[in-house]
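Here is the structure we will look at, set down as structure tokens.
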Amino acid sequence: MTEPIASQYDVVIVGAGVVGSALGATFGRQGRRVLLIERDWAEPDRIVGELLQPGGVRALEKLGLRQCLEDIDAINVVGYAISYHGENVSIAYASDHNAPEKTLEGRSFHHGRFVSKLREAAKNSPNVTVLEATVNEIISDKVTSQILGVRCSNRKTELSEYYYGALTVVADGTFSKFRRDYISTPVQIRSHFVGIVLKDAVLPTPRHGHVILGDHPPILVYQIGSNETRMLVDVQGKLPSAANGDLKRHLEGVVSASIPACLLPSFKAAMQTERLRSMPNSYLPPSANDTHGLLLLGDAYNMRHPLTGGGMTVALNDIVLISDLLSPARVPSFDDTNLVVSQLNEFYWKRKNLSTVINILAQALYALFAANDSRLRRLQNGCFRYFQRGGIYVSEPIGLLSGILPVPFLLISHFFQVALYSIYVLFQDATWSQYPALTVESVSVFWKACLVVLPMLWSEWR
Numbered sequence: 149m150t151e152p153i154a155s156q157y158d159v160v161i162v163g164a165g166v167v168g169s170a171l172g173a174t175f176g177r178q179g180r181r182v183l184l185i186e187r188d189w190a191e192p193d194r195i196v197g198e199l200l201q202p203g204g205v206r207a208l209e210k211l212g213l214r215q216c217l218e219d220i221d222a223i224n225v226v227g228y229a230i231s232y233h234g235e236n237v238s239i240a241y242a243s244d245h246n247a248p249e250k251t252l253e254g255r256s257f258h259h260g261r262f263v264s265k266l267r268e269a270a271k272n273s274p275n276v277t278v279l280e281a282t283v284n285e286i287i288s289d290k291v292t293s294q295i296l297g298v299r300c301s302n303r304k305t306e307l308s309e310y311y312y313g314a315l316t317v318v319a320d321g322t323f324s325k326f327r328r329d330y331i332s333t334p335v336q337i338r339s340h341f342v343g344i345v346l347k348d349a350v351l352p353t354p355r356h357g358h359v360i361l362g363d364h365p366p367i368l369v370y371q372i373g374s375n376e377t378r379m380l381v382d383v384q385g386k387l388p389s390a391a392n393g394d395l396k397r398h399l400e401g402v403v404s405a406s407i408p409a410c411l412l413p414s415f416k417a418a419m420q421t422e423r424l425r426s427m428p429n430s431y432l433p434p435s436a437n438d439t440h441g442l443l444l445l446g447d448a449y450n451m452r453h454p455l456t457g458g459g460m461t462v463a464l465n466d467i468v469l470i471s472d473l474l475s476p477a478r479v480p481s482f483d484d485t486n487l488v489v490s491q492l493n494e495f496y497w498k499r500k501n502l503s504t505v506i507n508i509l510a511q512a513l514y515a516l517f518a519a520n521d522s523r524l525r526r527l528q529n530g531c532f533r534y535f536q537r538g539g540i541y542v543s544e545p546i547g548l549l550s551g552i553l554p555v556p557f558l559l560i561s562h563f564f565q566v567a568l569y570s571i572y573v574l575f576q577d578a579t580w581s582q583y584p585a586l587t588v589e590s591v592s593v594f595w596k597a598c599l600v601v602l603p604m605l606w607s608e609w610r
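First residue of the sequence shown? That's 149 in this note's numbering, and the numbers climb one at a time after it.
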């Protein structure tokens with residue numbers, strides 16, 4: 149770790165997680181003087197941010213950071229396996245257009261190992277200075293309100309220090325302490341994921357992310373290492389207490405009756421030894437920030453339900469866009485505030501194609517997969533039957549989910565096709581005498597589909 153040798157930089161980055169580290173390395177390689185500040189440089193230990201979609205892997209390649217996926221015992225992921233009341237369907241990622249004989253792959257891994265690799269890349273990049281400190285304040289000009297830099301507490305000296313940058317980037321994650329000062333939209337939390345690690349688990353379909361559906365909120369299962377598998381159990385409403393054993397009993401009751409038999413031995417063993425950990429499942433739609441000298445990125449700026457594992461893919465593609473729009477060829481100096489603001493306004497619009505697809509897909513699929521009323525359960529059933537059709541009915545949806553097809557119109561088209569197919573399934577085995585009641589129900593189901601997706605579409609594109 150290098151010590152700061154100056155107080156003035158081109159860029160000050162708050163937070164050295166996935167976003168801050170990747171952005172620091174990228175800006176440094178472009179010749180920008182970067183200060184990367186992190187409260188704790190020890191390897192982080194989290195239960196989310198463990199699956200990178202093919203679109204995220206491609207973004208890493210564009211940033212020259214693909215090597216950060218090496219030597220961390222990452223698992224090659226080739227698709228998803230969905231279990232619905234005991235029925236199964238496998239959905240493979242699409243083929244690479246540049247090499248049709250090759251299937252695109254994602255990666256799953258220990259979050260902390262991946263972040264450590266990105267931090268190492270940032271530290272080894274030219275022009276990057278790293279600092280272990282707690283940022284206490286974003287400093288602004290009292291007349292113009294332009295952001296000037298940060299005030300932080302050095303962990304070694306415990307003294308306040310000031311660092312200035314033409315651009316300050318806030319990338320301090322899900323629990324950002326500065327978000328509320330610049331984004332008025334409140335974070336929505338619908339549920340929590342409770343995570344445990346299974347040892348030597350036997351997966352029904354290796355190298356796939358597993359989604360287990362039934363009369364319960366969704367359960368996710370995916371490998372994060374050669375001998376370790378992550379299980380995430382969605383818990384709606386108030387989280388049961390872990391201290392008095394309620395959470396453990398809840399999981400044992402829900403999971404044991406729902407997961408494939410091959411996972412039961414490792415699950416039961418984990419429940420005896422593993423610490424139960426939880427994370428809120430948050431949604432925060434994007435909004436353009438007009439504060440000069442400031443950029444919010446990553447979960448500090450935009451969040452979606454982690455069901456689809458799209459967060460890092462959105463964030464890394466944001467960095468690809470930023471690295472182009474704020475490149476030295478386009479913006480010779482970040483001191484040119486008006487030019488930076490103009491380029492960032494372009495960024496906010498250009499990112500919408502991919503972010504809209506992944507954000508809406510995450511929230512909409514969660515609404516269906518965690519169905520808590522009869523209309524959503526009809527849509528859930530229709531969605532699974534839709535996937536069973538194969539062909540473009542799975543290849544295009546998985547292309548959207550994986551970050552390879554950033555086409556919002558295609559997403560909306562498939563969503564309403566699912567709604568209509570759900571209605572078709574509703575009538576499939578009905579008798580004529582049931583048609584009047586089912587006609588009324590079908591209108592209600594379609595209206596519910598509109599209520600799921602249209603408000604989100606508005607919040608994403610406004």
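Built from N, CA and C at the ideal position, the CB exists for glycine as well.
For Leu473, collect the residues of the same chain with a Cβ closer than 7 angstroms to its Cβ; drop the 5 residues on either side in sequence, then sort them by chain order.
Position 325 of the sequence shown holds residue 473. Annotation for Leu473: Gln491, Glu494, Phe495 place their beta carbon closer than 7 angstroms to its own, counting only its chain and skipping 5 residues before and after.
Would you give the residue range spanned by the beta strand (DSSP E) that Val369 belongs to?
The residue given as residue 369 occupies position 221 in the sequence shown. Element bounds for Val369: 364 to 371.
Can you list, in chain order, the residues of its chain with a C-beta nearer than 6 angstroms to that of Tyr157? Leave out the 5 residues immediately preceding and following it.
The sequence position of residue 157 within the sequence shown is 9, counting from 1. If we look at Tyr157 and ignore the five residues flanking it on each side, its Cβ neighbours are Arg181, Leu183, Gly313.
When burial is assigned at 16 or more other CB atoms within 10 Å of the CB, is Phe557 buried or exposed?
Within the sequence shown, numbered from 1, the residue matching residue 557 stands at position 409. It is exposed - the Cβ of Phe557 has fewer than 16 other Cβ atoms within 10 Å.
Please report the Cβ distance between Ala170 and Ile552, rounded to the nearest whole angstrom; I am assuming they are in contact, meaning their Cβ atoms lie under 8 angstroms.
For this step, residue 170 is matched to residue 22 along the sequence shown. For this step, residue 552 is matched to residue 404 along the sequence shown. Not a contact, Cβ separation roughly 20 angstroms.
Touching by the beta-carbon criterion (3+ pairs, under 8 angstroms), the stretch 323 to 330 and the stretch 438 to 456:
Short answer: they touch.
Residues near Arg452 by beta carbon distance below 7 angstroms, same chain, minus five either side
Working through the sequence shown from its first residue, we reach residue 452 at position 304. If we look at Arg452 and ignore the five residues flanking it on each side, its Cβ neighbours are Tyr431, Gly458, Gly459, Ile506, Asn507, Ala510, Gln511.
With DSSP run on the structure shown, which of helix, strand or coil describes Pro428?
The residue given as residue 428 occupies position 280 in the sequence shown. DSSP, reduced to helix, strand and coil, places Pro428 within a strand of the structure shown.
Separation of Lys416 from Arg397, as counted between CA atoms
Start at 1 with the first residue of the sequence shown, and residue 397 comes out as number 249. Start at 1 with the first residue of the sequence shown, and residue 416 comes out as number 268. Cα-Cα distance, rounded: 12 angstroms.
Quick one, which of Gly321, Pro354, His364, Ser374 has its alpha-carbon nearest Lys347's?
Position 199 of the sequence shown holds residue 347. Here the closest residue by C-alpha is Ser374.
Report the three-state DSSP secondary structure of Asp447 (helix, strand or coil).
Taking the sequence shown and counting its residues from 1, the one referred to as residue 447 is at position 299. Here Asp447 sits in helix by DSSP.
Going by C-alpha to C-alpha distance, which of Ser550, Trp606, Val555 sits closest to Ala255?
Position 107 of the sequence shown, counting from 1, holds the residue named residue 255. First, the amino acid is wrong: residue 255 is Arg here, not Ala. Considering only alpha carbons, the answer is Ser550.
Whose CA, out of Ile372, Ser231, Tyr572, lies closest to the CA of Leu217?
Here residue 217 is taken as the residue at index 69 of the sequence shown, counted from 1. Nearest to Leu217 by C-alpha distance, out of Ile372, Ser231, Tyr572, is Ile372.
Just to confirm before moving on: does the CB-CB distance between Gly163 and Ala409 stay below 9 angstroms?
Working through the sequence shown from its first residue, we reach residue 163 at position 15. Working through the sequence shown from its first residue, we reach residue 409 at position 261. Their beta carbons are not under 9 angstroms apart, which means Gly163 does not touch Ala409 by this criterion.
Grouping DSSP H, G and I as helix and E and B as strand, with all else coil, what is Ala190?
In the sequence shown, the residue the question calls residue 190 occupies position 42. Ala190 falls in the coil class under three-state DSSP.
Contacting residues, own chain, Cβ-Cβ under 8 angstroms from Ser293 (five flanking each side not counted):
One-based indexing of the sequence shown puts residue 293 at position 145. Thr439, His440, listed in sequence order.
Per-residue DSSP class, three states only, for Ser308
Here the question's residue 308 lines up with position 160 in the sequence shown. Here Ser308 sits in strand by DSSP.
What three-state label does DSSP hand Phe535 in the structure shown?
The count along the sequence shown starts at 1 and reaches residue 535 at position 387. Three-state result, Phe535: helix.
On the DSSP letters alone, give me the boundaries of the beta strand (DSSP E) that Ser256 sits inside.
For the purposes of this step, residue 256 is taken as residue 108 along the sequence shown, with counting starting at 1. In this chain, the beta strand (DSSP E) harbouring Ser256 covers 254 to 256.
Would you grab the beta carbon distance between Ile407 and Ile367 for me? Rounded to a whole angstrom, and I think it's under 8 angstroms.
Here residue 407 is taken as the residue at index 259 of the sequence shown, counted from 1. Here residue 367 is taken as the residue at index 219 of the sequence shown, counted from 1. Confirmed, Cβ separation roughly 7 angstroms.
DSSP three-state label for Tyr228, please.
Against the sequence shown, residue 228 aligns to sequence position 80. In the three-state reduction of the DSSP assignment, Tyr228 falls in the strand class.
Please name the residue, chosen from Arg187, Lys290, Asp483, that lies closest to Glu306 on a Cα-to-Cα basis.
What you label residue 306 is simply residue 158 of the sequence shown in a count that begins at 1. Comparing Cα-Cα distances from Glu306 to each of Arg187, Lys290, Asp483, the minimum goes to Arg187.
Let me confirm a value: Asp447 is counted as buried when at least 16 other C-beta atoms fall within 10 Å, else exposed. Which label applies?
Sequence index remark: in the sequence shown, residue 447 carries index 299 (1-based). Asp447 is buried by the Cβ-count criterion.
For the 8 angstroms Cβ check, are there 3 or more pairs between the stretch 196 to 207 and the stretch 287 to 303?
Using a C-beta cut-off of 8 angstroms, the stretch 196 to 207 makes no contact with the stretch 287 to 303, since fewer than three inter-stretch Cβ pairs fall below that distance.
Less than 9 angstroms between the C-beta atoms of Glu285 and Ile185, yes or no?
Position 137 of the sequence shown holds residue 285. Position 37 of the sequence shown holds residue 185. Between Glu285 and Ile185, the C-beta gap is not smaller than 9 angstroms, which leaves the two residues out of contact.
Among Arg610, Phe563, Arg214, Phe323, nearest to Arg194 - alpha-carbon criterion:
On the sequence shown, position 46 is the one that residue 194 refers to. Considering only alpha carbons, the answer is Phe323.
Quick one: what's Leu346 bridged to in DSSP?
As a working note, residue 346 is residue 198 in the sequence shown. Its beta-bridge partners are Thr377.
Helix, strand or coil at Tyr114 [DSSP, three-state]:
This structure cannot speak to residue 114, because the chain is shown only from 149 to 610.
Taking 9 angstroms as the cut-off, decide whether the C-beta atoms of Leu399 and Ile344 are in contact.
As a working mapping, residue 399 is identified with position 251 in the sequence shown. As a working mapping, residue 344 is identified with position 196 in the sequence shown. Leu399 places its beta carbon less than 9 angstroms from that of Ile344.
Going by C-alpha to C-alpha distance, which of Arg525, Glu191, Leu586 sits closest to Phe618?
Nothing about residue 618 can be reported from this structure: the residues present for the chain run from 149 to 610 only.
Looking at the unbroken alpha helix (DSSP H) that takes in Ser414, where does it start and where does it end?
Along the sequence shown, read from residue 1 onward, the residue named residue 414 stands at position 266. Taken as a continuous stretch (DSSP letters only), the alpha helix (DSSP H) holding Ser414 covers 412 to 421.
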